[in-house]
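One structure is given below, encoded as structure tokens.
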Amino acid sequence: MNTATLASIGYRVSVRQKTLVDVFNTSMRLYVSVASYKYAIDEIQFVLQCCGHTSYTDWFLFDWQKVDYASREEMAGQSRISDEDYRDLGVPFSCCNLRVVAPCMHMQITDEKTINVNGCAEVISPILLRIVIVAYIMTSTLIIIQVLLVFLITRVRYLT
Numbered sequence: 001m002n003t004a005t006l007a008s009i010g011y012r013v014s015v016r017q018k019t020l021v022d023v024f025n026t027s028m029r030l031y032v033s034v035a036s037y038k039y040a041i042d043e044i045q046f047v048l049q050c051c052g053h054t055s056y057t058d059w060f061l062f063d064w065q066k067v068d069y070a071s072r073e074e075m076a077g078q079s080r081i082s083d084e085d086y087r088d089l090g091v092p093f094s095c096c097n098l099r100v101v102a103p104c105m106h107m108q109i110t111d112e113k114t115i116n117v118n119g120c121a122e123v124i125s126p127i128l129l130r131i132v133i134v135a136y137i138m139t140s141t142l143i144i145i146q147v148l149l150v151f152l153i154t155r156v157r158y159l160t
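Here it is in structure tokens:
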């Protein structure tokens, strides 16, 4: 029973980066509209010192800023141009590298020195793998203890 449970958990908790990229893409898409997603993404990027799912350039594909970031003049001309041409090549502040002393240039990026360039999927994947390994070890230990208890109980009953 425990082995089947562990296999099921291992199958469901996929540590493949493709799955993480899909989840991260969905979260990045909802970054601007759902506060809990924004908080979660910012927390992950700050704590793990990563940016985007594969790299910081992933943020260039999403409209992660609210409309009120732009001035009225900029917004008036927006309907005549495509969103991709208008979108800033910037990343959220949570992508800033905390180890760099210089000011973080996270908007109109010309230099990668002040932001984290590594994607979060490559950072999260080993963490999830460690969690699955610990769960496997704990479940295996529990199975061994249960087998030993059954053996000891049968032995005690046999001797008495």
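The sequence shown runs 1 to 160 under full-length UniProt numbering.
Glycine included, C-beta positions come from ideal geometry on N, C-alpha and C.
A quick note: this is a predicted structure, and the numbers were derived from the prediction, not measured.
Could you tell me the boundaries of the alpha helix (DSSP H) in which Ile115 lies? Indexing the sequence shown from 1 puts residue 115 at position 115. No alpha helix (DSSP H) holds Ile115; DSSP gives it neither H nor E.
Does the separation of the CB atoms of Cys95 and Cys51 fall below 7 Å? Locating residue 95 in the sequence shown gives position 95, counting from the first residue. Locating residue 51 in the sequence shown gives position 51, counting from the first residue. Yes. Within cutoff.
Between Val91, Ala102, Val132, which lies nearest to Asp63 when the distance is taken from Cα to Cα? Taking the first residue of the sequence shown as 1, we reach residue 63 at position 63. The shortest Cα separation from Asp63 among Val91, Ala102, Val132 belongs to Val91.
Beta-bridge pairing of Ser55 - partner residues as DSSP gives them: What you label residue 55 is simply residue 55 of the sequence shown in a count that begins at 1. BP columns for Ser55 point to Asn118.
Buried versus exposed, by CB contacts within 10 Å (16 or more), Ile137: What you label residue 137 is simply residue 137 of the sequence shown in a count that begins at 1. Answer is exposed; the Cβ neighbour count stays below 16.
Is it buried or exposed for Tyr158, if we count other Cβ within 10 angstroms and need 16 for buried? Position 158 of the sequence shown, counted from the first residue, corresponds to residue 158. Its Cβ having fewer than 16 others within 10 Å, Tyr158 is exposed.
Taking the alpha helix (DSSP H) that Val47 belongs to, which residues open and close that run? The residue given as residue 47 occupies position 47 in the sequence shown. Looking at the DSSP string, the run of the alpha helix (DSSP H) that includes Val47 is 35–48.
Going along the chain, which residues of its own chain have a beta-carbon closer than 7 Å to the beta-carbon of Ala121, five neighbours each way excluded? Numbered from its first residue, the sequence shown carries residue 121 at position 121. For Ala121, where only same-chain residues beyond five positions count, the Cβ hits under 7 Å are Gln17, Leu20, Val21, Phe24, His53, Thr54.
Pairwise C-alpha distance: Val147 and Val123: In the sequence shown, the residue the question calls residue 123 occupies position 123. In the sequence shown, the residue the question calls residue 147 occupies position 147. Computed Cα separation, rounded: 37 Å.
Which word fits Ser140, buried or exposed, when buried means at least 16 other C-beta atoms lie within 10 angstroms of its C-beta? Position 140 of the sequence shown, counted from the first residue, corresponds to residue 140. Exposed is the call here.
If you reduce the DSSP assignment to three classes, tell me which class Cys104 lands in. Position 104 of the sequence shown, counted from the start, is the residue given in the question as residue 104. Here Cys104 sits in coil by DSSP.
Residue from Ile145, Lys113, Ile143, Gly119 whose Cα sits closest to the Cα of Val47: Walking along the sequence shown from the start, residue 47 turns up at place 47. Selected option, being the one with the closest Cα: Gly119.
C-alpha gap between Leu30 and Phe60, whole angstroms: By one-based count along the sequence shown, residue 30 stands at place 30. By one-based count along the sequence shown, residue 60 stands at place 60. Rounded to whole angstroms, Leu30 to Phe60 spans 14 Å at the Cα level.
Who pairs with Cys96 in a beta bridge, going by DSSP? Counted from its first residue, the sequence shown places residue 96 at position 96. Paired residues: Ile115.
Beta-carbon proximity list for Lys113, same chain, < 8 Å, skipping 5 on both sides: Counting from one through the sequence shown, the residue named residue 113 turns up at place 113. For Lys113, where only same-chain residues beyond five positions count, the Cβ hits under 8 Å are Asn97, Val100, Ala102.
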